[in-house]
Each structure stands twice: as structure tokens, then as C-alpha cells.
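Colleague: Residue numbers (UniProt numbering): 1 to 288.
We put the CB at the ideal spot given by N, CA and C, even for glycine.
None of these values were measured; they are calculated from a predicted model.
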């Protein structure tokens with residue numbers, strides 16, 4: 001937090017980022033929003049630091065766990081946090097299951113009803129504990145699929161959040177907003193600085209699409225804006241690692257089919273911005 005304060009970063013409420021996306025306005029450089037997931041007891045330590053710097057933040061609550069299980073915030077702690085005028089609460093599900101994966105084994109109608117039931121149950125409990133009705137939802141484990149997204153949209157959420165390690169641009173959908181996870185080794189200062197400096201790659205469309213795909217053979221390509229601004233493009237897939245990509249016109253691709261075996265993979269397209277001399281990336285997730 002000290003780094004953000006002393007290096008010219010503007011920490012804004014999450015709603016500010018969402019408003020930029022709805023208006024399709026460019027997000028000013030060095031604009032940051034802070035989120036915390038789950039609601040572990042350690043949140044109190046973070047809360048004291050955030051309050052010290054007068055930073056706004058959003059706390060996505062695992063509704064079954066908070067004020068119930070020992071590792072999570074108590075009712076009293078939630079009341080204390082709720083009094084801070086710069087906190088907003090988000091929905092992080094009731095059960096915190098791997099909902100995105102469950103689409104593989106359930107009839108579609110039952111799957112949708114399960115998501116609806118869990119989400120509304122979480123919403124009711126979060127509102128009771130905090131006095132706020134969440135407008136934002138963070139996917140448990142950062143995992144999502146198209147049906148999951150559409151179900152939450154129909155429930156009235158204004159924005160949905162993943163854990164895809166990418167920056168946000170005016171092209172970002174409000175219903176799939178990436179967040180940079182600052183956990184474990186990624187919380188080391190050298191990686192934190194690198195993370196903050198990485199730009200969003202302006203991807204217009206890509207294949208495969210997000211979410212559940214039946215085939216275990218995938219072709220990967222992305223169409224970008226301003227292709228002449230970028231060079232040294234690579235494509236990453238979780239179970240394969242980094243692979244050199246071909247850039248032809250505004251399309252970046254591997255040019256060959258890749259066999260996948262894991263149920264979940266994140267795909268990243270990364271290029272070097274010749275003007276800013278910074279790397280830019282775009283990430284999405286597929287389920288097989």
C-alpha cells in the first residue's frame with residue numbers, strides 16, 4: 001500500500017472501474033482498485049492498513065464461512081469493517097464450490113438452478129451481515145463459463161470478476177473483469193512492480209471461446225487492435241507453458257492444434273508494446 005501511495009497510483013472504488021467499462025472510456029494509467037476474497041480473519045490486518053491509507057476496497061465474502069467458521073471474520077469484525085465508509089461488499093458465493101467445473105456433469109437446467117439458489121442464498125446472508133446488497137460477484141477460484149456468466153447477469157449483477165492475471169481496458173466486458181492476484185510468491189515486491197506495469201493487450205476476439213469446450217484439440221488465436229504497435233508475441237497455456245506465436249496482420253496464433261488433458265487451462269496472449277516498452281497481455285479460461 002505504501003508503494004501505491006508513493007509511486008503515484010490512484011486507488012479508486014471498484015465501482016469507478018466498472019463505470020469506466022460501461023461508458024467504454026479509457027481507464028487512466030496508474031488507476032488501481034483493491035479487492036479481497038473470502039473474508040478470512042487475516043482480512044482485519046489488511047483492513048487496518050487500508051484504513052491507515054484511506055484506501056477504498058471491496059471485500060468479496062464467502063457467505064457460508066463468514067461469521068460461522070473459525071478461520072473467517074466474526075460478526076463483530078464484519079460490523080467493524082461495515083462502518084468504514086470506503087468499503088463495499090461483494091458476493092463470492094455461498095458454498096464456494098467449483099461451480100464452473102460442475103457444468104460438465106449436470107443437466108443444464110439443474111446447473112442453472114443450482115447457481116441461482118447458491119447465489120441468492122449468499123446475497124441474503126451478506127445483506128443481513130453487512131447491510132449491503134452486493135452488486136458485484138467474484139467467481140470462486142476465479143473459474144467461470146458462459147452459462148455461469150449469463151445466469152449471474154440475469155440475477156442483476158452489475159459486474160463479475162475473475163482471477164485472470166491481466167489489466168483492464170475499455171474493451172473489457174463488465175461481466176468478465178480480470179484481477180491480478182497478489183498472493184504467495186506474487187506478493188513479493190519485484191513481482192508486484194512487474195505486475196503493475198503490465199498493460200492490457202487490446203484483444204477484439206479470440207478462439208477458443210471462454211468456458212466449456214468439448215474437444216481436447218484446440219487452436220489458439222487472438223485478433224488485436226493496433227497490431228503494428230506490438231512485437232515479440234507469445235501464447236501461454238497452463239499445461240503447456242509458453243510457445244512462440246505467429247503474428248499476421250492483426251491476428252496472433254500458434255498455427256497448429258494443441259491437445260489438452262487438464263480440465264482447466266488459462267490461455268494468455270502476450271506482446272511487447274514498442275511505444276511504451278512494456279509487455280501487454282490478455283488472458284481467458286477454458287474448461288474441458
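#1: Going by DSSP in three states, residue 99 sits in which element: helix, strand or coil?
#2: Give me the DSSP bridge partner(s) of residue 207.
#3: For the alpha helix (DSSP H) containing residue 292, name the first residue and the last one.
#4: Give me the Cβ distance between residue 229 and residue 259, rounded to the nearest whole Å; I'm assuming they're in contact under 8 Å.
#5: Classify residue 21 as buried or exposed, calling it buried when 16 or more other Cβ atoms lie within 10 Å of its own Cβ.
#6: Can you list, in chain order, the residues of its chain with a C-beta nearer than 6 Å to that of residue 56? Leave out the 5 residues immediately preceding and following it.
#7: Just to confirm, are residue 63 and residue 103 a CB contact at a threshold of 7 Å?
#8: Could you check whether the segment 165-183 touches the segment 23-42, counting it as contact only if at least three pairs of C-beta atoms, one from each stretch, sit closer than 8 Å?
#9: Which partner residues does residue 253 have in the DSSP bridge list?
#10: Exposed or buried, which one is residue 253 when buried takes at least 16 other CB atoms within 10 Å?
#11: If the criterion is Cβ atoms closer than 7 Å, does the pair residue 201 and residue 280 meet it?
#12: Using the Cα positions of residue 123 and residue 95, report the straight-line distance between them to the nearest angstrom.
#13: Could you pull the DSSP bridge partners for residue 277 from this structure?
#14: Runs of 3 residues minimum, wholly inside the segment 72-149: which ones carry the beta strand (DSSP E) assignment?
#15: By Cβ distance, which residues of its chain are closer than 7 Å to residue 134, with the 5 residues on each side in sequence left out?
#16: Select from 172, 232, 248 and 218 the residue whose C-alpha is nearest the C-alpha of residue 240.
#17: Under 8 Å Cβ to Cβ from residue 67, same chain only, skipping five residues before and after it: list those, please.
#18: Roughly how many whole angstroms lie between the Cα atoms of residue 171 and residue 267?
#19: Judging by CA-CA distance, which residue of 167, 26, 136 and 222 is the nearest neighbour of residue 161?
#20: With a Cβ-Cβ cutoff of 7 Å, do residue 4 and residue 39 count as a contact?
#21: Taking its Cβ as the centre, do 16 or more other Cβ atoms sit within 10 Å of residue 189, making it buried, or is it exposed?
#22: Could you pull the start and end residues of the beta strand (DSSP E) that residue 46 belongs to?
#23: Taking its Cβ as the centre, do 16 or more other Cβ atoms sit within 10 Å of residue 25, making it buried, or is it exposed?
#24: CA-CA distance, residue 215 and residue 264?
#25: Among 277, 222, 237 and 93, which has the Cα closest to the Cα of residue 261?
#26: Please return the same chain residues whose Cβ sits closer than 6 Å to the Cβ of residue 132, not counting the five positions on each side in sequence.
#27: For the candidate residues 46, 41 and 198, whose alpha-carbon lies nearest to that of residue 69?
#28: Helix, strand or coil for residue 241? Go by DSSP, reduced to three states.
Modeller: With the given structure in hand:
#1: Here residue 99 refers to the residue found at position 99 when the chain shown is read from its first residue. Reduced to three states, the DSSP call for residue 99 is coil.
#2: Here residue 207 refers to the residue found at position 207 of the chain shown. According to DSSP, which records beta bridges pairwise, residue 207 is partnered with 221.
#3: The chain is shown from 1 up to 288; residue 292 falls before or after that span and cannot be answered.
#4: Sequence index remark: in the chain shown, residue 229 carries index 229 (1-based). Sequence index remark: in the chain shown, residue 259 carries index 259 (1-based). Not a contact, Cβ separation roughly 33 Å.
#5: If you number the chain shown from 1, residue 21 lands on position 21. That one is buried.
#6: Within the chain shown, the letter at position 56 stands for residue 56. Counting only Cβ-Cβ distances below 6 Å, and skipping sequence neighbours, we find 13 and 86.
#7: Mapped onto the chain shown, residue 63 falls at position 63. Mapped onto the chain shown, residue 103 falls at position 103. No.
#8: yes
#9: Here the question's residue 253 lines up with position 253 in the chain shown. In the DSSP output, where bridge partners are listed per residue, residue 253 has 221 and 246.
#10: Numbered from its first residue, the chain shown carries residue 253 at position 253. Classification of residue 253: buried, given that the 10 Å Cβ count is 16 or more.
#11: Position 201 of the chain shown, counting from 1, holds the residue named residue 201. Position 280 of the chain shown, counting from 1, holds the residue named residue 280. Going by C-beta atoms, residue 201 is nearer than 7 Å to residue 280.
#12: Your numbering for residue 123 matches position 123 in the chain shown. Your numbering for residue 95 matches position 95 in the chain shown. Approximately 12 Å between the Cα atoms of the pair.
#13: In the chain shown, the residue the question calls residue 277 occupies position 277. Answer is none; residue 277 lacks a bridge partner.
#14: 87-91 and 136-138
#15: Along the chain shown, read from residue 1 onward, the residue named residue 134 stands at position 134. 89, 90, 91, 123 and 126.
#16: What you label residue 240 is simply residue 240 of the chain shown in a count that begins at 1. Of the candidates 172, 232, 248 and 218, the one whose C-alpha sits nearest the C-alpha of residue 240 is 218.
#17: The residue given as residue 67 occupies position 67 in the chain shown. Contacts found: 73, 74, 75, 78 and 129.
#18: Residue numbering aside, residue 171 sits at position 171 when the chain shown is read from its first letter. Residue numbering aside, residue 267 sits at position 267 when the chain shown is read from its first letter. If I take the Cα positions, the gap works out to 18 Å.
#19: Here residue 161 corresponds to residue number 161 of the chain shown, with the count starting at 1. Closest by alpha carbon: 136.
#20: Numbered from its first residue, the chain shown carries residue 4 at position 4. Numbered from its first residue, the chain shown carries residue 39 at position 39. No, the pair does not count as a contact, with Cβ atoms beyond the cut-off.
#21: By 1-based counting over the chain shown, the position of residue 189 is 189. It is exposed - the Cβ of residue 189 has fewer than 16 other Cβ atoms within 10 Å.
#22: Sequence index remark: in the chain shown, residue 46 carries index 46 (1-based). Counting along the chain, residue 46 falls outside any beta strand (DSSP E), though it belongs to the alpha helix (DSSP H) covering 43-52.
#23: The residue given as residue 25 occupies position 25 in the chain shown. Result: exposed.
#24: By one-based count along the chain shown, residue 215 stands at place 215. By one-based count along the chain shown, residue 264 stands at place 264. Looking at the two C-alpha atoms, the distance is approximately 13 Å.
#25: Along the chain shown, read from residue 1 onward, the residue named residue 261 stands at position 261. Here the closest residue by C-alpha is 237.
#26: Walking along the chain shown from the start, residue 132 turns up at place 132. Excluding sequence neighbours, residue 132 sits near 89.
#27: As a working mapping, residue 69 is identified with position 69 in the chain shown. That would be 41, whose Cα lies nearest to the Cα of residue 69.
#28: Taking the chain shown and counting its residues from 1, the one referred to as residue 241 is at position 241. Three-state result, residue 241: strand.
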